[in-house]
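The next block holds one structure in the form of structure tokens; read it before the comments.
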Amino acid sequence: MVLEQYRNARKTFGFSASRKAKLFVEKRNFSITREPKGGKGKPKHKPIFVVQEHRARSLHYDFRLEIGGVLKSWAVPKGVPFSGEKRLAIRTEDHPLEYANFSGIIPEGLYGAGVVKIWDRGKFVPEKISEKEIIIELRGRKLKGKYVLIKTKFSKNSWLIFRKK
Ligand code: MN
1 MVLEQYRNAR
11 KTFGFSASRK
21 AKLFVEKRNF
31 SITREPKGGK
41 GKPKHKPIFV
51 VQEHRARSLH
61 YDFRLEIGGV
71 LKSWAVPKGV
81 PFSGEKRLAI
91 RTEDHPLEYA
101 NFSGIIPEGL
111 YGAGVVKIWD
121 RGKFVPEKIS
131 EKEIIIELRG
141 RKLKGKYVLI
151 KTKFSKNSWL
161 IFRKK
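Take 1 as the starting number for the sequence shown in the working numbering and just add one per residue.
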């Protein structure tokens, strides 16, 4: 039953359910404990997205989507476009969900040192989520409408982001 739910979650998110999350479920007896087990396919709440303006060594915008319990992240040097213009989005490491609330200063000498501001945030409706292509409808204050993220062949972490007409 629980494994079935995990398979559904995997289908929903495309990305593999993490080994840790699987262990979390396997270690617990959910007919006894009241802990939430997660993995019930589509989450009840709409997932969130955030765009953080990051004035580090060079200005860029970190685009993050809540997928599979983490923030899948891309650095977009020119910012997320309001139009169909295709812009480079470099896949970066997953961030914890709580990071979506972060704004402030990353001290000098540390990774990503500089000022982080929340540029936009909101919910999104997933349409397609796979390892190579993501189609979502953004419902932010600034960014609204259907967006596409698509992996390129140029390099491992190179994607493009654009608004779908
Ligand atoms: Mn950054």
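C-beta: ideal position from N, C-alpha, C; glycine also.
State the Cα-Cα distance for the pair residue 148 and residue 156, rounded to the nearest angstrom.
Residue numbering aside, residue 148 sits at position 148 when the sequence shown is read from its first letter. Residue numbering aside, residue 156 sits at position 156 when the sequence shown is read from its first letter. The straight-line gap from Cα to Cα measures roughly 18 Å.
Out of 127, 141, 93 and 107, state which residue places its alpha-carbon closest to the alpha-carbon of residue 118.
In the sequence shown, counting from the first residue as 1, residue 118 sits at position 118. That would be 141, whose Cα lies nearest to the Cα of residue 118.
What is the rounded straight-line gap between the Cα of residue 80 and the Cα of residue 94?
Reading the sequence shown from its first residue, position 80 is the one you call residue 80. Reading the sequence shown from its first residue, position 94 is the one you call residue 94. Rounded to the nearest angstrom, the two C-alpha atoms are 18 Å apart.
Is the beta carbon of residue 60 sitting closer than 8 Å to the one on residue 116?
As a first step, residue 60 is located in the sequence shown; it is residue number 60 there, counting from the start. As a first step, residue 116 is located in the sequence shown; it is residue number 116 there, counting from the start. Going by C-beta atoms, residue 60 is not nearer than 8 Å to residue 116.
Just the Cα atoms here: how many angstroms apart are residue 47 and residue 100?
Counted from its first residue, the sequence shown places residue 47 at position 47. Counted from its first residue, the sequence shown places residue 100 at position 100. Approximately 12 Å between the Cα atoms of the pair.
Exposed or buried, residue 125, counting other C-beta atoms within 10 Å across all chains shown (16 or more means buried)?
Your numbering for residue 125 matches position 125 in the sequence shown. The residue is exposed, with fewer than 16 neighbouring Cβ atoms inside 10 Å.
Regarding residue 54 and ligand 1, is the C-beta to nearest heavy atom distance less than 7 Å?
Counting from one through the sequence shown, the residue named residue 54 turns up at place 54. Residue 54: yes, Cβ under 7 Å from ligand 1.
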